[in-house]
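Everything on this sheet refers to the single structure shown next.
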Amino acid sequence: MNIERALHLAWRRAAWLSLSFVSSCGKHIRLVSAGSENIHAGPDFLHARIYINGRLWVGNVEIHRKAADWYRHGHHRNPAFDNVILHVVARSGPLTLNSKQRPIPTIELPTGLQGFPEADDPPFRAPSCGITKHAGTRSSLAKLGEERLRQRSQTISSSWHLPESDWNTRLYQSLASGFGQPVNSLPFEWLALRTPFTLLHKYLPNRFDIEALLYGQAGMLGRLPSARGYPLQLQKRYEEIGHSLQYEALPEHLWKYLRLRPKVFPCIRISQFADLLCKQRPGLRDLLSIRTLPQLEALLFCKASPYWHTHFRFQRPSVYLPKKMGLASIHMVIINAIAPFLLCYGKQTRNPKFEALALQLLLEIEAEQNHITKKWTKFDCQPVNALESQGILQLHQVYCEQHKCSLCPIQAE
Numbered sequence: 017m018n019i020e021r022a023l024h025l026a027w028r029r030a031a032w033l034s035l036s037f038v039s040s041c042g043k044h045i046r047l048v049s050a051g052s053e054n055i056h057a058g059p060d061f062l063h064a065r066i067y068i069n070g071r072l073w074v075g076n077v078e079i080h081r082k083a084a085d086w087y088r089h090g091h092h093r094n095p096a097f098d099n100v101i102l103h104v105v106a107r108s109g110p111l112t113l114n115s116k117q118r119p120i121p122t123i124e125l126p127t128g129l130q131g132f133p134e135a136d137d138p139p140f141r142a143p144s145c146g147i148t149k150h151a152g153t154r155s156s157l158a159k160l161g162e163e164r165l166r167q168r169s170q171t172i173s174s175s176w177h178l179p180e181s182d183w184n185t186r187l188y189q190s191l192a193s194g195f196g197q198p199v200n201s202l203p204f205e206w207l208a209l210r211t212p213f214t215l216l217h218k219y220l221p222n223r224f225d226i227e228a229l230l231y232g233q234a235g236m237l238g239r240l241p242s243a244r245g246y247p248l249q250l251q252k253r254y255e256e257i258g259h260s261l262q263y264e265a266l267p268e269h270l271w272k273y274l275r276l277r278p279k280v281f282p283c284i285r286i287s288q289f290a291d292l293l294c295k296q297r298p299g300l301r302d303l304l305s306i307r308t309l310p311q312l313e314a315l316l317f318c319k320a321s322p323y324w325h326t327h328f329r330f331q332r333p334s335v336y337l338p339k340k341m342g343l344a345s346i347h348m349v350i351i352n353a354i355a356p357f358l359l360c361y362g363k364q365t366r367n368p369k370f371e372a373l374a375l376q377l378l379l380e381i382e383a384e385q386n387h388i389t390k391k392w393t394k395f396d397c398q399p400v401n402a403l404e405s406q407g408i409l410q411l412h413q414v415y416c417e418q419h420k421c422s423l424c425p426i427q428a429e
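Everything in the sequence shown is counted per the working numbering, starting at 17 for the first residue and increasing by one.
Following this line, the structure appears as structure tokens:
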């Protein structure tokens, strides 16, 4: 096992044991949760939970062999690392500063934690605990899938501070999050917040204006030297109509590209999102009239603008390939955005047919294939539909990774 992997496992073990430390700058650190390991660009662990001087912080964690590696890797110049709340190292060194010159607490892991075997990795010991052999696993996965669906529905209901009657904006923000899957959901949510639906609605169905506003607010039109053609036209149009927005554009560095297939790059997804906004009748009418999965798939079959047939990013030519939403991407939007929205809408309006439709969609969609579900299939835990694959994600992320074995619904059967 290489040293980096060993340190990642040591960090998980330290969090699992709820260890306490004193940082290099004298702050008292108590670990609560290691967070989720990040396989894409950016910090090593996301959404970790730690106490710093008695106050709970939720944020990202970066891990290095030496504290000086922070500077050797250029993180002190990269704004993508400004939300790191803890620097974890095997060997201490210079003070850790982010791009805003703000210090980041640094802790040194005890030597005894740095060499345990990979088989002892606590966050994914579920298969070895025997639950995948349980006779009730399949029904339990479905229940866990419903639990995950309800939680996402509650997020739609509570996290956006909107009047209960403003369902158009709720749907718009939910769809934006869905189009950002798998790693750009948050930037897409922020983009939707900084480009309100009430403003975009005035420009529908003019797709060029919608794209100019979205790309401008996404921060993608600022650094285009010698722009011409479509990018230049977008820049000019954004300068003309962007002044009506109350919010500044997002920093471009928030968008992630590493390890993504080019056809799901965020610049492509934004164009496809604009296509959906423009081809759907204003508001909810199209979505609420849908009763079957094929109808919904047809609605979400979106295409990027012709410019993207020969580009994957602005001013970076590629071979000709029309950028259309594939079935797997469409299903991802349904699973992560539309089904939770329908459940939320059904509950709030007391209309059970939308609640039933949300559940039925997940039962009809094929099981997702990702690094977590693939890991579980090795242990005879094979989901047959999206409801069960969502159940695996819920089990893995909410129970196994958080070591809530006593609350595990499968163990309780």
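For glycine and all other residues, C-beta sits at the position ideal for the given N, C-alpha and C.
Just so it is clear, the structure is predicted and the values come from calculations on it, not from any experiment.
For residue i, does the three-state DSSP call read helix, strand or coil?
| i | result |
| --- | --- |
| Phe132 | Below a pLDDT of 50, predicted positions are generally treated as unreliable, and Phe132, at 47, falls in that range; the measurement from the model is reported next regardless. If DSSP states are grouped into helix, strand and coil, Phe132 belongs with coil. |
| Pro310 | helix |
| Asp137 | Residue confidence for Asp137 is low, a pLDDT of 44 falling below 50, so the modelled location carries little weight; the figure read from the coordinates is stated next. Looking at Asp137 - three-state DSSP - the assignment turns out to be coil, as it is neither helix nor strand. |
| Pro495 | The requested residue 495 does not occur in the structure, where the chain is confined to residues 17 to 429. |
| Glu20 | helix |
| Val48 | strand |
| Val349 | helix |
| Phe328 | strand |
| Phe395 | coil |
| Val317 | In the sequence as presented, Val is not what sits at residue 317; that position holds Phe. Phe317 falls in the coil class under three-state DSSP. |
| Phe370 | helix |
| His63 | strand |
| Pro333 | strand |
| Leu113 | strand |
| Ile388 | helix |
| Ile120 | strand |
| Lys340 | strand |
| Ile226 | helix |
| Glu256 | helix |
| Trp268 | The sequence as given places Glu at residue 268; Trp does not occur at that position. In the structure shown, Glu268 sits in a helix (DSSP, three-state: H, G or I). |
| Glu417 | coil |
With a Cβ-Cβ cutoff of 7 Å, do residue i and residue j count as a contact?
| i | j | result |
| --- | --- | --- |
| Glu163 | Gln410 | yes |
| Asp98 | Asn114 | yes |
| Trp271 | Pro278 | no |
| Ser190 | Ala353 | yes |
| Ile172 | Arg81 | no |
| Glu384 | Ala158 | no |
| Asp321 | Ser287 | Inspection of the sequence shows that residue 321 is occupied by Ser rather than by Asp. The answer is yes: Cβ separation under 7 Å. |
| Arg210 | Tyr263 | yes |
| Ala57 | Leu274 | yes |
| Phe204 | Asn184 | no |
| Ala50 | Ala31 | yes |
| Val100 | Glu78 | yes |
| Glu268 | Gly245 | no |
Going by C-alpha to C-alpha distance, which of the options sits closest to residue i?
| i | options | result |
| --- | --- | --- |
| Lys252 | Phe37, Glu264, Leu237 | Leu237 |
| Tyr415 | Ala30, Ser52, Ser36, Lys394 | Ser52 |
| Gln406 | Leu165, Ile120, Asn69, Gln233 | Leu165 |
| Ser260 | Thr365, Gly232, Ile350 | Gly232 |
| Ile55 | Val199, Thr211, Ser49, Leu209 | Val199 |
| Lys391 | Asp60, Gln413, Gly70 | Gln413 |
| Gly109 | Gln117, Trp86, Ile101 | Trp86 |
| Glu380 | Lys340, Leu33, Arg307, Pro425 | Arg307 |
| Lys339 | Lys319, Pro333, Pro119 | Lys319 |
| Val104 | Asn94, Phe61, Glu255 | Phe61 |
| Glu227 | Pro267, Glu255, Gly42 | Glu255 |
| Val335 | Pro425, Tyr323, Gly42 | Tyr323 |
| Gly90 | Pro59, Cys424, His63 | Pro59 |
Tell me the residue span of the alpha helix (DSSP H) that contains residue i.
| i | result |
| --- | --- |
| Ala106 | Run containing Ala106: none in the alpha helix (DSSP H); it sits in the beta strand (DSSP E), 100 to 107. |
| Ala243 | Ala243 -> no alpha helix (DSSP H), and no H or E assigned at all. |
| Tyr188 | 183 to 195 |
| Ala158 | 153 to 174 |
| Phe357 | 355 to 365 |
| Thr214 | 213 to 219 |
| Ala290 | 282 to 295 |
| Trp206 | 201 to 210 |
| Trp430 | Only positions 17 to 429 of the chain appear in this structure, which leaves residue 430 out of reach. |
| Leu403 | 402 to 410 |
| Arg9 | No answer is possible for residue 9: it lies beyond the span of the chain, which begins at 17 and ends at 429. |
Got a sec, what are the start and stop residues for the beta strand (DSSP E) residue i sits in?
| i | result |
| --- | --- |
| Arg81 | 71 to 82 |
| Ser36 | 36 to 38 |
| Leu261 | Note, Leu261: premise wrong, no beta strand (DSSP E); not H, not E. |
Touch test, the stretch 209 to 228 against the stretch 386 to 402, Cβ-Cβ under 8 Å, three pairs minimum: no
contact_flag[the stretch 363 to 378, the stretch 202 to 221] where n(CB pairs < 8 Å) is 3 or more: no
Stretch-stretch touch, CB-based, cutoff 8 Å, three pairs: the stretch 65 to 73 with the stretch 35 to 48: yes
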